[in-house]
Amino acid sequence: MQYEYELQGGQEHQPVKYIEKTRNFYQAQGFERAYKWADNADIPWHKLSKPLSECNVTFVVTAVPDGTIPKLSRQGGSFALDDMPEAFRTDELSWDKQATHTRDRESYIPLVALQQLAKAGVIGSVSTRYHFVPTEYSQSNTLNSDAPAIRDACIADEVDIAILVPL
Amino acid sequence: MTARELESHGIATVIIGSGLDIVEKCGVPRYLHNDIPLGNPLGHPYAAAEQLASVASALQLIEQASVPTIRFGKVKWHDGEGWRANYMKIDETNRETLRLAGIENRRSRREQIEKGEKR
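Residue numbers (the working numbering), protein chains in the order written: chain A, 1 to 167; chain B, 168 to 286.
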């Protein structure tokens, strides 16, 4: 994989090896087949064709906007910013429940930050819809259903930039 | 995977997260890595200035990077580094609990499927 790495704040610690930890954890729970993480050698690239200050920006999250839908039935979708819940459902997702909490929505939903950046003229606007993609065991559901639905919504909303914030 | 789909269709993307190895393997164009526990990718809870700085830095990455780039953010976890070893820790004190949790997990999943929960 060809990446350029930039260190802003230094890197004093080895980043946690989540793939290895997750594999061992589920093995300890008696699951026989290890999860296969998405693995791509090629990286798509789109060069921004206008300044940030003219861009319409949206965001994609994995926190669940409608927690009443059972986990296995959740699908990717697009929702009006005006109807955003005060709290998203996060309890069924994998994150470090010992070290932290998700009571502050803005620690995983960039709405207020983007609104401030739009007001300051750093970006052009915040798109009127945001997007939810469930963390799915099935990669084909993400690839063939959720991601294309979000793509179509972003194109319809004339989005220039998407910030993705997986929990 | 969603970032890759959007990027392939003319929408510039950036991920902000805390799971470096997972994102790295997936192959995404731009990633701002905050090296803190999973759960608050934008920064500490209630640290609005830190969260704003993360979003601003991610947007700058879109403007500045000309090749696939992973940027390590400035956020440092407030409560030491113990979380790194504690997350998903497996040792003799929880091995049996995990085995039982796995059995319950599979039972519950079967029950959900039997109830018709699916896509």
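Just so you know, even glycine gets a beta-carbon here, dropped at the ideal spot from N, CA and C.
Legend entry - Rounded straight-line distance, which links the Cα of Lys282 (chain B) to that of Thr236 (chain B): 44 Å
Inset, instruction - Flag this pair as yes or no: are the beta carbons of Val126 (chain A) and Ala118 (chain A) separated by less than 8 Å? - result: yes
Legend entry - Members of the segment 175 to 194 of chain B that neighbour chain A once the beta carbon cut-off is set at 7 Å: Ser175, His176, Gly177, Ile178, Ala179, Thr180, Val181, Ile182, Ile183, Gly184, Gly186, Leu187, Asp188, Ile189, Glu191, Lys192, Cys193, Gly194
Legend entry - chain B contacts from the segment 30 to 42 of chain A (Cβ-Cβ distance under 9 Å): Gly30, Phe31, Trp37, Ala38, Asp39, Asn40, Ala41, Asp42
Legend entry - Short Cβ contact (8 Å threshold) for Ala179 (chain B) with His13 (chain A): no
Inset, instruction - Report yes if the C-beta distance between Thr62 (chain A) and Leu143 (chain A) is below 8 Å; otherwise report no. - result: no
Legend entry - Rounded C-alpha distance that separates Glu278 (chain B) from Leu265 (chain B): 20 Å
Inset, instruction - Assign Val234 (chain B) to one of two classes, buried (16 or more other C-beta atoms within 10 Å of its C-beta) or exposed (fewer than that). - result: exposed
Legend entry - Nearest to Gly186 (chain B) (by Cα), restricted to the options B:Asn207, B:Ala214, B:Leu226, B:Glu172: B:Asn207
Inset, instruction - Determine the chain B residues that contact Ser73 (chain A) at a beta-carbon separation under 8 Å, and present them in chain order. - result: Glu284, Lys285, Arg286
Inset, instruction - Return yes when the Cβ of Val242 (chain B) is within less than 8 Å of the Cβ of Gly210 (chain B), no when it is not. - result: yes
Inset, instruction - Please list the segments of the beta strand (DSSP E) lying wholly inside the segment 56 to 83 of chain A, counting only runs of 3 or more residues, in order along the chain. - result: 56 to 61, 77 to 80
Legend entry - Near-chain A residues of the segment 250 to 263 of chain B (beta-carbon distance less than 7 Å), N- to C-terminal order: Trp250, Arg251, Asn253, Tyr254, Met255, Ile257, Arg262
Inset, instruction - Compare the C-alpha of Ala147 (chain A) against each of A:Lys50, A:Phe132, A:His101 and name the closest. - result: A:Phe132
Legend entry - Any chain B beta carbon closer than 8 Å to Gln115 (chain A): no
Legend entry - Collapsed DSSP secondary structure at Arg197 (chain B) in the structure displayed: strand
Legend entry - Members of the segment 5 to 16 of chain A near chain B, C-beta cut-off 7 Å: Tyr5, Glu6, Leu7, Gln8, Gly9, Gln11, His13, Pro15, Val16
Legend entry - Span of the beta strand (DSSP E) around Leu164 (chain A): 161 to 165
Inset, instruction - State yes or no: is the beta carbon of Ser187 (chain A) nearer than 8 Å to at least one beta carbon in chain B? - result: Nothing can be reported for residue 187 (chain A): it is not among the residues displayed for chain A, which extend from 1 to 167.
Legend entry - Residue of B:Glu191, B:His176, B:Ser224, B:Ile257 minimising C-alpha distance to Gln8 (chain A): B:Ser224
Inset, instruction - Check whether the Cβ of Asn56 (chain A) sits closer than 7 Å to any heavy atom of the ligand COA, and report yes or no. - result: Among the ligands in the structure shown, none appear at all, so the ligand COA cannot be discussed.
Inset, instruction - With DSSP collapsed to three states, give me the class of Glu86 (chain A). - result: coil
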